[in-house]
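Okay, so here's the structure we're looking at.
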Amino acid sequence: MACIDLAQPFNRLGTNSRGHGPTLTASRNTSAMNTKSHSLPLLALLGSLILSGCYTTDGRNTDARQPGPAVGTAIGTAVGAVAGNVAGAVAAAGESASAAAKVPFNGERRIIREWRTETTPDGRTIRVPYEIEVDAQGRPIGPARPAKY
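Take 290 as the starting number for the sequence shown in the numbering used here and just add one per residue.
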């Protein structure tokens, strides 16, 4: 049974078997139709090899008390700890650099209100609020000034 590639344009005019009238025939790309796809079986084989691993059910285990596995475990632990600390140091350096870069753009104002007792010219004693602007550590930035309402 012939397969016609409908994506290809009809490019030849022919006649039917009795010699009357035009018959449209399509050009065929036989090289594309005859090639078999080997990628799916290869992909399935590769996936099964990766997923199967080296699992065995024969009951043989490595004795961790022997010197070889014990040394391997110790070296693996040390290498893992060093690699983890290096990764942690890189992450901490990046976070501290970003925190330091944000400090100049921090517009947060901290104001401490202090109440002072004053005596008016007519002899009354009143409490007057004074505001003091401080930095992040609580050190005064400017002089104390009366609060504005």
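The beta carbon of each residue, even a glycine, is placed where N, CA and C say it ideally should be.
Start-to-end residues for the alpha helix (DSSP H) that takes in residue i
i	result
E384	356–391
Beta-carbon proximity list for residue i, same chain, < 7 Å, skipping 5 on both sides
i	result
T406	T414, R416
Three-state class that DSSP yields for residue i in the structure shown
i	result
P330	helix
N323	For N323, the predicted structure reports a pLDDT of 47, less than 50, and the residue's modelled location is therefore unreliable. The matter cannot be settled from this model.
I401	strand
Extent of the continuous beta strand (DSSP E) run through residue i
i	result
I421	414–423
For residue j and residue i, believed in contact at Cβ under 8 Å, the rounded distance
i	j	result
I400	E384	So it is not a contact: roughly 29 Å between Cβ atoms.
E403	A433	6 Å
Close beta carbons around residue i, own chain, < 6 Å, minus the five adjacent residues each side
i	result
L334	none
P418	R402, W404, A436
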